[in-house]
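Residue numbers (the working numbering): 1 to 106.
By construction, the Cβ of each residue, glycine as well, lies at the ideal position given by its N, Cα and C atoms.
Source: prediction; values computed, not measured.
To keep things clear, I will list the structure first and then write my remarks on it.
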């Protein structure tokens with residue numbers, strides 16, 4: 001297995017997992033203390049981690065588009081799954097914060 005792809009896959013998994021955890025903790029904290037601004041800051045921090053995973057994905061796609069062979073493996077597919085899940089969690093959490101804010105104003 002290509003060691004570079006293994007390393008990149010593990011980085012995607014790590015960044016995605018860190019970002020997802022920050023986002024979920026943002027919601028947990030919001031439901032405990034009701035601090036909407038803090039939740040948005042935590043989601044933004046999680047988004048930065050997820051952004052790092054996105055950069056790794058972009059690098060792999062760019063390499064392949066430039067004609068470099070990128071070995072496909074179950075690990076790379078697993079990394080992509082982590083990344084896409086983290087994106088979905090971040091997006092849903094942002095909507096939940098908006099909903100929480102709107103409901104708390106009533």
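Between which two residues does the alpha helix (DSSP H) harbouring residue i extend?
i          : result
residue 67 : Run containing residue 67: none; DSSP gives neither H nor E here.
residue 4  : 3-33
Cα separation between residue i and residue j?
i           : j          : result
residue 73  : residue 21 : 25 Å
residue 26  : residue 75 : 28 Å
residue 42  : residue 28 : 11 Å
residue 61  : residue 36 : 36 Å
residue 32  : residue 63 : 44 Å
residue 11  : residue 51 : 12 Å
residue 87  : residue 16 : 8 Å
residue 8   : residue 82 : 13 Å
residue 106 : residue 30 : 17 Å
residue 40  : residue 68 : 39 Å
residue 98  : residue 46 : 17 Å
residue 13  : residue 89 : 15 Å
residue 57  : residue 34 : 35 Å
Compute the beta-carbon to beta-carbon distance between residue i and residue j, rounded to the nearest angstrom, for a pair I have assumed lies under 8 Å.
i          : j          : result
residue 5  : residue 70 : 6 Å
residue 23 : residue 93 : 5 Å
residue 44 : residue 19 : Actually they do not touch by this definition, with Cβ atoms about 10 Å apart.
Quick one: which unbroken beta strand (DSSP E) runs of 3-plus residues sit fully inside the stretch 59-97? Chain order, please.
-> Segments of the beta strand (DSSP E) lying fully in the stretch 59-97: there are none.
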